[in-house]
Each structure stands twice: as C-alpha cells, then as structure tokens.
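Visitor: Take this structure, written in structure tokens, and hold onto it; I'll ask about it next.
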Amino acid sequence: MDGEQPDDTADGVDERPPNDVFGLLGNEVRVDILRALGMRPNDRLSFSALFDRVDIADSGNFNYHLDRLCGVFVRKTDDGDDSGYELTHAGREVVGAMYAGTYTTNATIDPIRPGWNCLLCDGEMVVRYADERAEFRCVDCDGGAEFSFPPGNIDQYDREELPTAFARWYHQTFGSLFDGFCQLCSGRVERDLLWLPGGGPGEEPKPSMAEFECGRCGSVARVSGGTMATFHPVVEGFLAEHGFDASARHPSQVWADLDGFRAEIHSEDPPRFSVHFTVDGERASVEIGPDASIESVRREPVE
1 MDGEQPDDTA DGVDERPPND VFGLLGNEVR VDILRALGMR PNDRLSFSAL
51 FDRVDIADSG NFNYHLDRLC GVFVRKTDDG DDSGYELTHA GREVVGAMYA
101 GTYTTNATID PIRPGWNCLL CDGEMVVRYA DERAEFRCVD CDGGAEFSFP
151 PGNIDQYDRE ELPTAFARWY HQTFGSLFDG FCQLCSGRVE RDLLWLPGGG
201 PGEEPKPSMA EFECGRCGSV ARVSGGTMAT FHPVVEGFLA EHGFDASARH
251 PSQVWADLDG FRAEIHSEDP PRFSVHFTVD GERASVEIGP DASIESVRRE
301 PVE
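When we follow the UniProt record's numbering, the leftmost residue of the sequence shown carries the number 1, and every step to the right adds one.
Right, here's the structure in full:
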C-alpha cells in the first residue's frame with residue numbers, strides 16, 4: 001500500500017544465538033561427523049554409513065552427538081530409499097572453512113616478482129602473502145591492492161602460479177561485491193563514489209575510489225572505478241575478444257597493454273565519470289555515477 005514501510009524482519013527468518021550455535025562444535029566427535037559428511041557433500045549418508053566413517057565405538061554416544069548437530073549443521077531427511085543425513089548450508093560453510101584453512105592454517109610466502117610494472121609510476125610490482133592477505137604492491141609508490149585469500153589454498157599452487165591465483169580470487173571476490181553481496185557475511189552492501197580520478201601536471205595520479213559497506217556486519221571494501229569498469233561483463237567480453245583475460249592479472253596490468261585507457265570526468269557535483277578502454281580500433285566506455293553504480297556501457301569504433 002502507498003506509504004507503507006516494509007517489515008524489517010523477513011518472513012520465516014529465525015535467529016539463533018551465536019553462542020548456542022558455535023557451542024555445538026565444541027566436541028571432536030561432532031567435528032568428525034561434519035568432516036565425514038563433507039567428504040561426500042552431494043550425497044546423503046545413512047546412519048550406519050555415517051557411523052562407519054567416524055572414529056567412535058559407541059553408537060549411542062555417536063547418535064547423541066549427531067542429534068545435537070541436526071537442525072543446525074546437519075539435516076535429517078526421510079525420503080524412503082533416499083533417506084539419510086546431509087549438511088545444511090551452515091554445515092557446508094563450516095566444512096568449507098576447514099578445507100580453506102580459515103581457522104587452522106597459517107601461511108606466508110616470500111615476495112614474488114612477476115615482471116609487472118606499476119601503471120601509476122612505472123615502478124616494479126611485487127606479490128606478497130602474509131596474515132591471510134594477498135597483495136599486489138608497487139615497491140616505489142606503494143600503490144596496489146590488498147585482499148583476503150584462504151591460507152589453505154596456498155599449497156595448492158606452485159609459486160609461479162600464485163600471482164594468477166590471487167588475481168582470479170580478487171576477480172571473483174569483487175565480482176560478488178559488485179553484485180551487492182558482502183565479502184564477509186554475504187549481507188547486502190551499499191555503495192558510494194568517494195572521489196573522482198585526479199592528479200594534475202606534476203602531481204601523482206590519483207585513481208577514483210568507490211566504497212562498499214555492508215549494512216549487516218559493517219565490513220568496508222574500497223576499489224577503484226577502473227577496476228569496477230574492467231570487471232563489468234560487457235567490458236570483460238570486449239577484452240576477451242581482443243585477447244585479454246581480465247581475471248588473470250591485476251586489472252592495471254591489462255590496462256597497461258591496451259592501446260588506450262583513460263578516465264573522463266563529466267560532473268564533480270554529483271560525481272560522475274567514464275572509463276574508456278581502447279584496443280584494435282574499438283572502444284568500450286563505462287559511465288559510473290555518484291552511488292558507484294554503472295549507469296551505461298557502450299562499445300563503438302574509434303574514429
């Protein structure tokens with residue numbers, strides 16, 4: 001109805017106290033049950049099949065711990081021949097964190113020099129990983145990007161593969177953010193264009209900056225407008241047609257190989273600007289508005 005405000009509480013949402021939920025995991029048998037179900041995440045396991053996969057002799061004790069997990073981390077189904085136990089979404093998240101090493105792994109690598117140059121100052125870029133964060137960083141001007149990367153994934157790649165692995169993770173992480181989901185809790189994010197690109201003659205270039213803030217957990221992430229534009233599906237398609245994989249390197253390394261990459265300011269109040277990508281006689285242009293939303297994307301031949 002006109003003027004009626006939506007209910008702040010979504011239908012069917014039941015909040016559980018976090019202390020109660022995570023308290024369920026304070027037992028080795030329960031963790032082993034989740035791990036056993038996680039080894040067959042797409043299958044339901046019968047009671048006996050699940051019992052055989054957990055190192056416990058007393059079926060009664062096993063049943064007690066399994067029942068404690070049901071309804072939160074484990075779902076019990078009764079579908080005839082397909083009955084059994086399976087992980088809930090929360091259970092999958094916990095098992096995924098186990099595999100990713102989120103709570104159990106610490107990793108550090110020596111700096112990697114992938115042969116990339118900084119687009120801002122032409123200095124050397126290095127790739128680092130420590131404290132669960134990967135970064136692309138210029139040794140001269142300190143420009144670059146820093147982001148979380150699961151520590152359990154480090155040993156899945158050879159050292160020379162890590163820069164590309166980090167770049168692809170950066171791509172998929174910010175892709176989710178651009179779609180409106182928090183990197184940390186998957187909550188809804190609000191976006192804002194903090195400042196336009198700048199830097200006059202004799203000054204250091206200043207990339208534009210967009211901010212994304214989660215309305216649920218308060219997590220904040222910042223990224224340049226150029227990166228936002230690069231990861232738009234139309235621009236990614238444009239780049240792919242011209243032989244560039246936008247997800248295999250930090251976006252600035254793609255920009256450096258184009259025939260042209262520039263920003264054009266349309267308005268300072270409200271802030272609005274475009275990013276132009278030019279290669280092989282064709283241009284892709286992305287207009288970004290004051291709320292850091294992409295307002296238009298177009299492709300056209302270069303006259």
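No residue lacks a Cβ here, since even glycine has one placed at the ideal position from N, Cα and C.
Hey, how far is the Cα of V302 from the Cα of R16?
Guide: Roughly 57 Å between the two C-alpha positions.
Visitor: Please report the distance separating the alpha-carbon of L45 from that of P151.
Guide: 30 Å
Visitor: Per DSSP, what are the beta-bridge partners of R133 in this structure?
Guide: A130 and S148
Visitor: Is the beta carbon of E236 sitting closer than 7 Å to the one on A221?
Guide: In this structure, E236 lies away from A221, with their beta-carbon atoms at least 7 Å apart.
Visitor: If you follow the beta strand (DSSP E) that S267 is part of, which residue opens it and which one closes it?
Guide: G260 to E268
Visitor: Please list, in chain order, all residues of the same chain as G281 whose beta carbon is under 8 Å from its beta carbon, the five residues on each side excluded.
Guide: P301 and V302
Visitor: Taking DSSP as the reference, what is the three-state secondary structure of T173?
Guide: helix
Visitor: For a test of the three-state rule: what should DSSP assign to Y99, helix, strand or coil?
Guide: helix
Visitor: Quick one, are the C-beta atoms of A292 and A210 less than 7 Å apart?
Guide: Yes, these two residues count as a Cβ contact at 7 Å.
Visitor: Return the residue from the list C217, R168, L119 and H266 that minimises the CA-CA distance to L258.
Guide: L119
Visitor: Using the beta-carbon count (16 or more within 10 Å), is D2 buried or exposed?
Guide: In this predicted model, D2 has a pLDDT of only 48, less than 50, meaning its place in the structure is not dependable; the value taken from the coordinates is given anyway. Exposed, since its Cβ has fewer than 16 Cβ neighbours within 10 Å.
Visitor: I'd like to check one pair, F231 with G175: are the Cβ atoms closer than 7 Å?
Guide: yes
Visitor: Taking the C-alpha atoms as reference points, what is the distance between S285 and V297?
Guide: Roughly 6 Å between the two C-alpha positions.
Visitor: To the nearest angstrom, report how far apart F181 and C214 are at their CA atoms.
Guide: 8 Å
Visitor: DSSP on L193, reduced to helix/strand/coil?
Guide: strand
Visitor: Are the stretch 107 to 122 and the stretch 75 to 88 touching, with three or more C-beta to C-beta distances below 8 Å?
Guide: no
Visitor: Please look up how many angstroms separate the CB atoms of V74 and Y85, rounded, as I've assumed it's under 8 Å.
Guide: About 6 Å separates the beta carbon of V74 from that of Y85, a gap short enough to meet the 8 Å contact definition.
Visitor: So if DSSP puts L45 in a beta bridge, which residue, or which two residues, is it bridged to?
Guide: Answer is Y85, bridged to L45.
Visitor: Give a yes or no on whether the C-beta atoms belonging to S252 and G225 are separated by under 7 Å.
Guide: no
Visitor: Thinking just about the alpha-carbon of each residue, which of Y157, E264, F147 and C138 is nearest to the one in L184?
Guide: F147
Visitor: Just the C-alpha distance for G200 and L239, rounded to the nearest angstrom, thanks.
Guide: Unreliable placement is indicated for G200, whose pLDDT of 49 sits below 50; the coordinate value is still reported in the next sentence. C-alpha separation (whole angstroms): 29 Å.
Visitor: Can you tell me the Cα-Cα spacing of E241 and I294, whole angstroms?
Guide: So the two alpha carbons sit approximately 21 Å from each other.
Visitor: On the premise that P114 lies in contact with V94, defined as a C-beta separation below 8 Å, what is that separation, rounded to the nearest angstrom?
Guide: Not a contact, Cβ separation roughly 34 Å.
Visitor: Go to E236, then tell me how far its alpha helix (DSSP H) extends in each direction, as first and last residue.
Guide: P233 to E241
Visitor: To the nearest angstrom, how far is the alpha carbon of W169 from that of A100?
Guide: 13 Å
Visitor: According to DSSP, what are the bridge partners of residue 304?
Guide: This structure gives no information on residue 304, because the portion of the chain shown stretches from 1 to 303.
Visitor: Specify, as a first and last residue, the run of the beta strand (DSSP E) that D110 falls within.
Guide: That run of the beta strand (DSSP E) goes I109 to I112.
Visitor: Do you know whose CA, among F273, A90 and L37, lies nearest F22's CA?
Guide: A90
Visitor: With distances taken Cα to Cα, identify the nearest neighbour of V189 among D43, H250, F212 and G289.
Guide: The option with the nearest alpha carbon to V189 is F212.
Visitor: For N61, which of helix, strand or coil comes out of DSSP?
Guide: helix
Visitor: Give the range of the beta strand (DSSP E) segment to which A210 is assigned.
Guide: M209 to C214
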